[in-house]
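Accompanying notes for the structure given below.
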Amino acid sequence: MILNAEEQAMLNGELGEPRRWAMEHMMRVGRFFDAPDFVEVTQAHIMADTESLGEAGVDFLERIAAHPLDERQVRIPMITDPRGIDFCHYKRLKQTDLMASLEQRAIDAFEAMGILMTNTCINYQTIMPPVRGEHLAFGDTGVVIYCNSVLGAYSNFEGGPSSLAAGLTGRAPRYGLHLDQNRWATRRFRVDWEPRSLSDWGALGGIIGARSGSYWEVPVIEGITTQPGSDEMKHMGAAMASFGSVPLFHLVGITPEAPTLEAVCDPYTLPAEVIEAAELDAFYARYGGKGEKLDVVVFSAPQLSLLEMQSLAELLDGNKLHPHTSLLAVTSPVVAADARRMGLVERIEGSGALVLEGMCFYQSYAREMGVANGWKRLMTNSVKLANIIGGYGYEPTLSNMENCVASAIAGEIV
Amino acid sequence: MDIIELNCHVGVGPVVTGIALVTDDNFSARYDLDRIAGIFSRPQHKLAGQSYVDRIMVFNTAKGGVASAWMLHEMKSRGIAPKAILFNNVNPILAQGAALADMAMCDRFADGDVTQLIHSGDQVTVNPDIGLVTISRA
Numbered sequence: 017m018i019l020n021a022e023e024q025a026m027l028n029g030e031l032g033e034p035r036r037w038a039m040e041h042m043m044r045v046g047r048f049f050d051a052p053d054f055v056e057v058t059q060a061h062i063m064a065d066t067e068s069l070g071e072a073g074v075d076f077l078e079r080i081a082a083h084p085l086d087e088r089q090v091r092i093p094m095i096t097d098p099r100g101i102d103f104c105h106y107k108r109l110k111q112t113d114l115m116a117s118l119e120q121r122a123i124d125a126f127e128a129m130g131i132l133m134t135n136t137c138i139n140y141q142t143i144m145p146p147v148r149g150e151h152l153a154f155g156d157t158g159v160v161i162y163c164n165s166v167l168g169a170y171s172n173f174e175g176g177p178s179s180l181a182a183g184l185t186g187r188a189p190r191y192g193l194h195l196d197q198n199r200w201a202t203r204r205f206r207v208d209w210e211p212r213s214l215s216d217w218g219a220l221g222g223i224i225g226a227r228s229g230s231y232w233e234v235p236v237i238e239g240i241t242t243q244p245g246s247d248e249m250k251h252m253g254a255a256m257a258s259f260g261s262v263p264l265f266h267l268v269g270i271t272p273e274a275p276t277l278e279a280v281c282d283p284y285t286l287p288a289e290v291i292e293a294a295e296l297d298a299f300y301a302r303y304g305g306k307g308e309k310l311d312v313v314v315f316s317a318p319q320l321s322l323l324e325m326q327s328l329a330e331l332l333d334g335n336k337l338h339p340h341t342s343l344l345a346v347t348s349p350v351v352a353a354d355a356r357r358m359g360l361v362e363r364i365e366g367s368g369a370l371v372l373e374g375m376c377f378y379q380s381y382a383r384e385m386g387v388a389n390g391w392k393r394l395m396t397n398s399v400k401l402a403n404i405i406g407g408y409g410y411e412p413t414l415s416n417m418e419n420c421v422a423s424a425i426a427g428e429i430v
Numbered sequence: 202m203d204i205i206e207l208n209c210h211v212g213v214g215p216v217v218t219g220i221a222l223v224t225d226d227n228f229s230a231r232y233d234l235d236r237i238a239g240i241f242s243r244p245q246h247k248l249a250g251q252s253y254v255d256r257i258m259v260f261n262t263a264k265g266g267v268a269s270a271w272m273l274h275e276m277k278s279r280g281i282a283p284k285a286i287l288f289n290n291v292n293p294i295l296a297q298g299a300a301l302a303d304m305a306m307c308d309r310f311a312d313g314d315v316t317q318l319i320h321s322g323d324q325v326t327v328n329p330d331i332g333l334v335t336i337s338r339a
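So the sequences go chain by chain: A and B.
Okay, so the first sequence: first residue is 17 according to this note's numbering, each after it adds one.
Okay, so the second sequence: first residue is 202 according to this note's numbering, each after it adds one.
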């Protein structure tokens with residue numbers, strides 16, 4: 017890889033050991049993907065919950081944080097993805113003090129590096145939305161696909177170590193979606209039906225993600241006439257990335273790089289693949305569970321926007337959850353503060369539900385929480401969560417928010 | 202003993218030798234594994250119930266899940282990890298994770314579908330620096 021003088025100095029260790037490690041790490045990755053050089057990035061977002069970090073990952077962060085201030089501080093604005101613990105509620109969730117202490121160690125290390133503890137996977141709705149053409153080093157696949165697709169920014173999926181390396185250096189290896197030639201559509205999907213709920217948008221994302229099936233495929237979608245909002249795009253993108261590791265999609269007439277189909281592909285050489293309405297029904301049907309006792313409803317992955325919190329409050333107003341069913345609504349600290357100020361948290365929790373902030377359900381020791389609380393049958397409107405949570409020992413059911421709430425009140429899947 | 206050499210793109214990590222466990226399914230450390238027990242835990246995964254510890258794992262591609270970048274490092278620190286992971290095509294997350302964990306990883310095989318070229322039970326040596334995978338098959 018070609019390095020400029022500043023990058024070479026960082027690699028030589030002249031700006032401290034953390035930046036030397038960062039350059040070496042990114043050069044390994046850059047070599048893997050044939051990056052010719054580095055690109056300057058303006059923001060970094062790090063996914064580093066303690067369940068995935070483990071003791072080894074926290075030790076790693078603490079070693080970087082132990083360096084002198086001028087060596088360990090990140091060089092560009094850097095923010096965090098959801099944590100594994102909400103310190104106000106971890107005991108109620110039956111998470112352990114050991115989990116909380118590991119979390120606190122990670123937070124201390126991040127803060128020593130100058131990283132802002134935003135604890136959110138909806139930073140594009142709440143913190144600092146990127147602008148078109150901005151090069152980024154973002155973690156969380158849902159964040160990356162949204163920022164690339166809906167906002168026209170340029171980021172690869174940056175796992176925690178690479179995102180940290182980018183924060184320490186202000187650089188990322190120039191490969192993948194930093195290059196215009198990799199943003200051209202490679203799969204073309206025609207949809208002749210309209211998604212009606214957030215979970216429908218998520219299901220469409222799941223179907224397209226599963227069909228695309230690779231980081232290196234870029235789907236373009238045509239045929240939908242419904243105008244999606246930010247939450248619709250959020251659910252569709254998160255599901256597409258979850259099912260297919262897809263980092264970028266184009267929605268013709270909606271997303272900025274695809275004002276027309278021709279702007280992102282040659283329609284004469286890229287045949288359309290039709291997604292039938294029956295596929296949507298089949299997608300929901302794979303999760304099943306109708307009539308079964310319901311242990312927990314989870315709204316999370318991605319964290320809820322303020323508008324989703326309002327929808328949930330309206331559905332729960334005047335209702336009480338069934339005694340054997342829990343309902344968790346997970347959002348960002350920024351949204352939680354606003355929702356509390358506006359009375360939405362009080363309305364949601366008046367039903368017996370619990371609002372959690374700054375965490376995400378599946379990143380929060382979901383297996384251990386399931387065992388400790390006796391949670392097996394989980395219902396959600398998040399296609400991403402439904403896709404992930406089976407690996408943690410749960411039996412997921414997918415439906416829209418209205419049915420999830422109705423089921424939580426009934427105590428069984430309706 | 203048949204010796205078969207497969208050329209692939211330059212990868213990351215050290216030279217390792219081990220026994221292959223192969224599937225045409227995809228992979229995420231977050232979605233698919235019980236990392237404490239060292240087995241595939243997602244019921245829908247084609248290797249559900251099987252151990253990945255010290256295996257040369259072979260998959261089609263990687264799925265979503267940024268967490269895998271930390272998880273390979275964490276798994277290796279406890280000695281409950283694969284020796285190497287090979288893909289037809291990998292996403293950046295797994296490559297970044299292998300770079301941090303110093304775990305052998307390669308993809309983009311010149312001879313076709315690696316999930317067909319390597320069989321479970323083969324003895325396999327992975328040399329990421331030169332992009333070479335050698336199969337010893339009885």
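Even for Gly, the Cβ is constructed at its ideal location relative to N, Cα and C.
If you're wondering where the values come from, they're calculated on a predicted model, not measured in any experiment.
For histidine 61 (chain A), the enclosing beta strand (DSSP E) starts and ends at 60–62. Within the stretch 167–216 of chain A, the complete alpha helix (DSSP H) runs of at least 4 residues fall at 176–185.
Taken through DSSP and simplified to helix, strand or coil, phenylalanine 49 (chain A) comes out as coil. In terms of Cβ geometry, serine 337 (chain B) and leucine 222 (chain B) do not form a close pair [threshold 7 Å]. In this structure, alanine 329 (chain A) lies near arginine 363 (chain A), with their beta-carbon atoms less than 7 Å apart. A Cβ-Cβ distance of about 7 Å is found for the pair alanine 296 (chain B) and phenylalanine 49 (chain A), placing them in contact under the 8 Å criterion. Interface criterion not met: the Cβ of proline 272 (chain A) is under 7 Å from no Cβ in chain B.
Closer than 9 Å at the C-beta level to chain A, one finds these residues of the stretch 228–240 of chain B: Ser229, Ala230, Arg231, Tyr232, Asp233, Leu234, Asp235, Arg236, Ile237. With contacts defined as CB atoms closer than 7 Å, proline 189 (chain A) and alanine 301 (chain A) fail to qualify as a contacting pair. The continuous beta strand (DSSP E) containing glutamate 373 (chain A) extends over residues 370–373. Looking at the DSSP output, phenylalanine 241 (chain B) sits in a beta bridge with B:Leu234. The way I'd put it, the stretch 150–165 of chain A doesn't touch the stretch 271–290 of chain B; fewer than three beta-carbon pairs between them come closer than 8 Å. Per DSSP, the beta bridge partners of proline 412 (chain A) are A:Leu394.
For the pair glutamate 373 (chain A) and leucine 322 (chain A), the Cα-to-Cα distance works out to about 12 Å. DSSP lists A:His61, A:Leu132 as the beta-bridge partner residues of isoleucine 95 (chain A). Note on geometry: alpha-carbon atoms of proline 272 (chain A) and valine 147 (chain A) lie some 11 Å from one another.
Setting aside the 5 residues that flank it on each side, serine 348 (chain A) is surrounded in the same chain by Thr136, Ile138, Thr142, Gln319, each with a C-beta closer than 6 Å to its C-beta; the list follows chain order. The Cβ of proline 412 (chain A) sits no closer than 7 Å to any Cβ of chain B. Between methionine 63 (chain A) and aspartate 97 (chain A), the gap from beta carbon to beta carbon is short of 7 Å. The beta carbon of alanine 288 (chain A) sits closer than 6 Å to those of Arg204, Arg206, all from its chain and outside the five residues before and after it, given in chain order.
Of all residues in the stretch 263–278 of chain B, the ones placed with a Cβ closer than 9 Å to any Cβ belonging to chain A are Ala263, Lys264, Gly265, Gly266, Val267, Ala268, Ser269, Ala270, Trp271, Met272, His274, Glu275, Met276, Lys277, Ser278, in chain order.
Put simply, the backbone Cα of glutamate 384 (chain A) is about 30 Å away from that of serine 327 (chain A). Contact with chain B is found for methionine 63 (chain A), since one of that chain's Cβ atoms lies less than 7 Å from the residue's Cβ. Serine 337 (chain B) has a beta carbon lying at 7 Å or more from every beta carbon in chain A.
Residues of the same chain with a CB within less than 6 Å of the CB of asparagine 292 (chain B), apart from the 5 flanking positions on each side, are Ala263 in chain order. Collapsing the DSSP output to three states places cysteine 163 (chain A) in a helix. At a cut-off of 7 Å between beta carbons, serine 252 (chain B) makes no contact with chain A.
Proline 215 (chain B) does not reach chain A, its nearest Cβ partner there being about 12 Å away, counting only Cβ pairs nearer than 7 Å. Bounds of the alpha helix (DSSP H) holding methionine 385 (chain A) are 382–389.
DSSP lists B:Val325 as the bridge partner or partners of glycine 219 (chain B). Scanning its chain for C-beta atoms nearer than 6 Å, with the 5 sequence neighbours on each side dropped, one finds around aspartate 354 (chain A) the residues Leu322, in chain order. Glutamate 56 (chain A) sits exposed, since fewer than 16 C-beta atoms from the chains shown fall within 10 Å of its C-beta. Among the residues of chain A, none has a CB under 8 Å from the CB of glycine 332 (chain B); the nearest is roughly 10 Å distant.
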